[in-house]
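Numbering (our numbering), first residue to last: 104 to 210. So the structure is just underneath, and the comments pick up after that.
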Amino acid sequence: MTFWENVDSELNFIGMERKELGQKAGFPESYISKGIARQSCPSADLALKIADALNVPVEKLVTGIERKAPAKDNISPEIKAMITKMNKFSPEEKQVIFDMVDVLAKK
């Protein structure tokens with residue numbers, strides 16, 4: 104589907120009228136039907152305004168696919184704090200820690 108077809112689909116999904124979207128995003132409602140007929144894509148600025156008005160990522164309107172949020176990492180806060188501290192170490196100090204972790208991991 105084209106950008107404008109995705110916009111129309113999203114409008115139907117959330118129950119919003121084209122006119123209301125046009126008012127929120129600052130363009131005439133006729134842009135949608137013209138965009139569908141021409142199979143065109145709006146300027147980046149207008150695409151962002153439309154996405155904001157629909158409360159969806161612009162990527163969903165461009166591709167029709169909404170990317171899922173990245174999975175949360177499983178690193179504990181304690182480990183993250185240690186990594187932050189280790190980033191201040193010299194390469195030699197880091198190597199000592201890595202060697203120690205290797206020895207402990209083999210137990």
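Here a beta-carbon is modelled for each residue, glycine too, at the ideal position from N, C-alpha and C.
{"Asked": "Segment contact flag, the stretch 139–149 with the stretch 168–185, C-beta cutoff 8 Å, min 3 pairs", "Found": "no"}
{"Asked": "Enclosing alpha helix (DSSP H) for residue 112 [first to last residue]", "Found": "106–117"}
{"Asked": "6 Å Cβ shell around residue 122 - same chain, five flanking residues per side excluded", "Found": "132"}
{"Asked": "Environment of residue 109 [buried if 16+ CB atoms lie within 10 Å]", "Found": "buried"}
{"Asked": "Residue 128 vs residue 168 beta-carbon contact at 9 Å", "Found": "no"}
{"Asked": "For residue 209, three-class secondary structure by DSSP", "Found": "coil"}
{"Asked": "Proximity below 9 Å, CB of residue 135 to CB of residue 124", "Found": "yes"}
{"Asked": "Nearest-angstrom Cβ-Cβ length linking residue 159 and residue 113, presumed shorter than 8 Å", "Found": "6 Å"}
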